[in-house]
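Below is one structure; the comments refer to it alone.
There are 2 protein chains.
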Amino acid sequence: MRLVLVTGTTRTATIDGISAAGASPDLVAHTPSSDAEIVVYGEPVASPVTPVSPTGCPTPAAVTRAVVERLDLPVTVVDAGLAEPTAAPTVSVDASPGGDLRSAAAVPDAADVFEAGRAYGRALPTDDPILLGESVPGGTTTALGVLTALGERATVSSSLPDNPLERKRAVVAEGLDASGLTAGGAAGDPTAAVRAMGDPVLAAGAGIARGALETGTPLTLAGGTQLLALAALLRHDGVESPLSLATTSFLLDDESAAVAALADSLDVDVRATDPGFDAVDHPATDAYCAGEAKEGVGMGGALSLVADADADMASVRERFVAIADRLNPSQPADDPAVTR
Amino acid sequence: MRLVLVTGTTRTATIDGISAAGASPDLVAHTPSSDAEIVVYGEPVASPVTPVSPTGCPTPAAVTRAVVERLDLPVTVVDAGLAEPTAAPTVSVDASPGGDLRSAAAVPDAADVFEAGRAYGRALPTDDPILLGESVPGGTTTALGVLTALGERATVSSSLPDNPLERKRAVVAEGLDASGLTAGGAAGDPTAAVRAMGDPVLAAGAGIARGALETGTPLTLAGGTQLLALAALLRHDGVESPLSLATTSFLLDDESAAVAALADSLDVDVRATDPGFDAVDHPATDAYCAGEAKEGVGMGGALSLVADADADMASVRERFVAIADRLNPSQPADDPAVTR
Numbered sequence: 001m002r003l004v005l006v007t008g009t010t011r012t013a014t015i016d017g018i019s020a021a022g023a024s025p026d027l028v029a030h031t032p033s034s035d036a037e038i039v040v041y042g043e044p045v046a047s048p049v050t051p052v053s054p055t056g057c058p059t060p061a062a063v064t065r066a067v068v069e070r071l072d073l074p075v076t077v078v079d080a081g082l083a084e085p086t087a088a089p090t091v092s093v094d095a096s097p098g099g100d101l102r103s104a105a106a107v108p109d110a111a112d113v114f115e116a117g118r119a120y121g122r123a124l125p126t127d128d129p130i131l132l133g134e135s136v137p138g139g140t141t142t143a144l145g146v147l148t149a150l151g152e153r154a155t156v157s158s159s160l161p162d163n164p165l166e167r168k169r170a171v172v173a174e175g176l177d178a179s180g181l182t183a184g185g186a187a188g189d190p191t192a193a194v195r196a197m198g199d200p201v202l203a204a205g206a207g208i209a210r211g212a213l214e215t216g217t218p219l220t221l222a223g224g225t226q227l228l229a230l231a232a233l234l235r236h237d238g239v240e241s242p243l244s245l246a247t248t249s250f251l252l253d254d255e256s257a258a259v260a261a262l263a264d265s266l267d268v269d270v271r272a273t274d275p276g277f278d279a280v281d282h283p284a285t286d287a288y289c290a291g292e293a294k295e296g297v298g299m300g301g302a303l304s305l306v307a308d309a310d311a312d313m314a315s316v317r318e319r320f321v322a323i324a325d326r327l328n329p330s331q332p333a334d335d336p337a338v339t340r
Numbered sequence: 001m002r003l004v005l006v007t008g009t010t011r012t013a014t015i016d017g018i019s020a021a022g023a024s025p026d027l028v029a030h031t032p033s034s035d036a037e038i039v040v041y042g043e044p045v046a047s048p049v050t051p052v053s054p055t056g057c058p059t060p061a062a063v064t065r066a067v068v069e070r071l072d073l074p075v076t077v078v079d080a081g082l083a084e085p086t087a088a089p090t091v092s093v094d095a096s097p098g099g100d101l102r103s104a105a106a107v108p109d110a111a112d113v114f115e116a117g118r119a120y121g122r123a124l125p126t127d128d129p130i131l132l133g134e135s136v137p138g139g140t141t142t143a144l145g146v147l148t149a150l151g152e153r154a155t156v157s158s159s160l161p162d163n164p165l166e167r168k169r170a171v172v173a174e175g176l177d178a179s180g181l182t183a184g185g186a187a188g189d190p191t192a193a194v195r196a197m198g199d200p201v202l203a204a205g206a207g208i209a210r211g212a213l214e215t216g217t218p219l220t221l222a223g224g225t226q227l228l229a230l231a232a233l234l235r236h237d238g239v240e241s242p243l244s245l246a247t248t249s250f251l252l253d254d255e256s257a258a259v260a261a262l263a264d265s266l267d268v269d270v271r272a273t274d275p276g277f278d279a280v281d282h283p284a285t286d287a288y289c290a291g292e293a294k295e296g297v298g299m300g301g302a303l304s305l306v307a308d309a310d311a312d313m314a315s316v317r318e319r320f321v322a323i324a325d326r327l328n329p330s331q332p333a334d335d336p337a338v339t340r
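Going down the list, the sequences are from chains A and B.
Using this note's numbering, read the first sequence as starting at 1 and increasing by one per residue.
Using this note's numbering, read the second sequence as starting at 1 and increasing by one per residue.
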């Protein structure tokens, strides 16, 4: 089993009110570079920022890292348009940072990035199953853009407790206009949908998934609505094979995202894992329980690998709390290790 | 513990009679890209070649991979001048492939590559010890060049059973001439030594080691005479702290390399691990016992992590044989799993 983490950026993230992935807009471009370092090394290494939400909720990368440490899970980071340096080792798909989806073409080189991703996906050893995750701030908005352009259910989640879905829909409407598209106007043409409304992570990720499916490498989509937008791209590319999504209970509980209905409409099996954070009294776990972050950076997929035994998940929780304290030393808990 | 594998190329490898790292000279540029994929994925992935010696001895990457699988050892590949694509995730130090050491400057950007490596070495988490290994065909010749320029003992090993040391010394003499240097002429100036006579892997690796030592990250040099040349660069850079080398028994047994004497002169502790390949009757293990390959791609460092218990090393041997068969399916053994 290997976590393939596709990371990149889109100017869409800088639109006011869109993303919580990064405490301030000028730092948000660093988030995926830092997330990759946290998953690979356990902490930001060369990146000058530690991704936290405006209220201090640590990035889902910290949860994924806890599982990586617990299970010695190998990780491969794909650079699908990073805008800032990372010291994490990366596989290149020759992608550039994505543009604002309100422009005519958000991902001008979507076709090339898809093909580079596909070549990588085809090359992966077929006897080693992959979890495909993402880190791209603003990614739920580009996911909404792609779902809308394809004519699928236009519902996505958010890294904010109150999903600014109306704001996202207005942005998407503007993007469709700028691209000369209507809702459903790119049905059956996934490359056109990503080119006009998506981000380079969706282009690369859809290509990797397509390539892995072509050679028979077992694949699990590890994430939420962004991975469902990726599944929609595969369906519109003619992929009829079974697809499965491993996500978090936090995301499945987000009524605004209506994940189960979207997955059902795309014929994607969903498995949600509850990390049991309500058993821990710590600002980091409390933030997740309060509805922040919810999913991302492969979190749900990583958690799905943890054995059902409560002792295993308790160990992941303990590691997560330790990592969260390391990432955010200004907010130590009084008693960080209270687990049931 | 993390294996940091510094990979790159030098035109020095294309000099006739220098290297066994790759069955034919036109394929040798692919060797480090393929080695990286074998260590990360267990087989060449995007690379079109499988590195074997002219007689079919599999690359030491296969041994390192066996340990990576057995111990779930994390690996970070550094691209220090790869000439061919790799699907292994890589950290960049902005290095270009190295030139022929018989030119005036083999590594024109040695100072920049050293500094980029140093920044990466400084950034690594200090609580996670690193093994520093290399893959660069022709690397023992550039190591000899650097040792000579620094005025250290001019002895190195070879990936060939009969070390073409006189050939290497003639090449080095030509390189010194072309650079306007004499033996020992770059003493105390490691950058000048690498620039004139080295390769980009030595520049990046010395930088990474220097950076790790500066921040107190525990460091083990994982390899043979190339890593001792790197140690010489550190000594000439003023590093006085203890240095240790983890290598293979094959290398220590190579009298032509005189590894123990070279290590002693550089005040480097040496630990050699014997993988017990004489217990296995298989073309791959036989080739190592016959003196091919010996070391490289972090092999000795990886083996040093295997517990002394014979059962653990037997398990590594079994994995190595399975990997060797996968890499070289045309040469299956009659009985590949005979271990004592």
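No residue lacks a Cβ here, since even glycine has one placed at the ideal position from N, Cα and C.
Going by DSSP, which residues form a beta bridge with residue i?
| i | result |
| --- | --- |
| V6/A | V78/A, E134/A |
| V91/A | V78/A |
| L245/B | L221/B, V270/B |
| V52/A | P58/A |
| G211/A | Paired residues: none, contrary to the question. |
| G205/A | For G205/A, which the question treats as bridged, DSSP gives no partner whatsoever. |
| G98/A | T10/A |
List, in chain order, every chain B residue whose beta-carbon is nearer than 9 Å to that of residue i.
| i | result |
| --- | --- |
| V45/A | Y120, A123, L124, P125 |
Output the distance between the C-alpha atoms of residue i and residue j, rounded to the nearest integer angstrom.
| i | j | result |
| --- | --- | --- |
| S34/A | S256/B | 47 Å |
| A258/A | G224/A | 11 Å |
| E221/B | T126/A | Here residue 221/B is Leu; the residue named in the question, Glu, does not match the sequence. Cα-Cα distance, rounded: 33 Å. |
| S53/B | R167/B | 19 Å |
| T235/A | G298/A | One point to set straight first is that residue 235/A is Arg, not Thr, in the sequence displayed. Spanning the two alpha carbons is a distance of roughly 21 Å. |
| G42/B | P108/B | 34 Å |
| P336/B | F250/B | Reliability fails at P336/B, whose pLDDT of 37 lies under 50, so the model's placement of it is uncertain and the value that follows must be treated cautiously. Looking at the two C-alpha atoms, the distance is approximately 21 Å. |
| R319/B | D281/A | 44 Å |
| V91/A | A110/B | 24 Å |
| L228/B | G139/A | 47 Å |
| V78/A | D253/B | 41 Å |
| V156/B | G207/B | 21 Å |
| A36/A | T182/B | 46 Å |
| G81/B | M313/A | 42 Å |
| P85/B | D278/A | 46 Å |
| P218/A | V146/A | 25 Å |
| Q331/A | L305/A | Interpretation of Q331/A is limited by its pLDDT of 48, a score under 50 that renders its predicted location unreliable; the figure taken from the coordinates is listed afterwards. The alpha-carbon atoms of Q331/A and L305/A are separated by roughly 29 Å. |
| A333/B | G296/B | Caution applies to A333/B, whose pLDDT of 43 falls short of 50 and renders its modelled position unreliable; the model cannot decide the point. |
| Y288/A | P161/A | 9 Å |
| T14/A | V49/A | 17 Å |
| T215/B | A290/A | 38 Å |
| L124/A | D267/B | 43 Å |
| T59/A | T141/A | 18 Å |
| T191/A | L132/A | 19 Å |
| L3/B | R169/A | 46 Å |
| T285/A | P32/A | 21 Å |
| G188/B | A232/B | 10 Å |
| L150/A | V172/A | 12 Å |
| A186/A | G198/A | 12 Å |
| I323/A | A66/A | 7 Å |
| V68/B | L303/A | 23 Å |
Which bits of chain A does residue i rub up against, with CB to CB less than 7 Å?
| i | result |
| --- | --- |
| G42/B | P125 |
Check the C-beta distance from residue i over to residue j and give it rounded, since I have them as a contact under 8 Å.
| i | j | result |
| --- | --- | --- |
| A88/B | G99/B | Actually they do not touch by this definition, with Cβ atoms about 24 Å apart. |
| G121/A | R210/A | 6 Å |
| Q226/A | A143/A | 5 Å |
| P74/A | A83/A | So it is not a contact: roughly 26 Å between Cβ atoms. |
| V39/A | L5/A | 6 Å |
| G175/B | T247/B | Going by Cβ atoms, the distance from G175/B to T247/B rounds to 26 Å, so no, they are not a contact pair. |
### Query
Listed from N- to C-terminal order along the chain, which residues in the segment 77-102 of chain A have their beta-carbon within a distance smaller than 7 Å of any beta-carbon of chain B?
Here the close residues are V77, A87, P89, T90, V91.
### Task
Using a Cβ-Cβ cut-off of less than 9 Å, give me the residues of the segment 298-332 of chain A that come near chain B, in sequence order.
Hits within the stretch: zero.
#### Entry: Positions along the segment 49-77 of chain B whose CB lies within less than 7 Å of some CB in chain A
Residues passing the 7 Å Cβ filter: D72, T76, V77.
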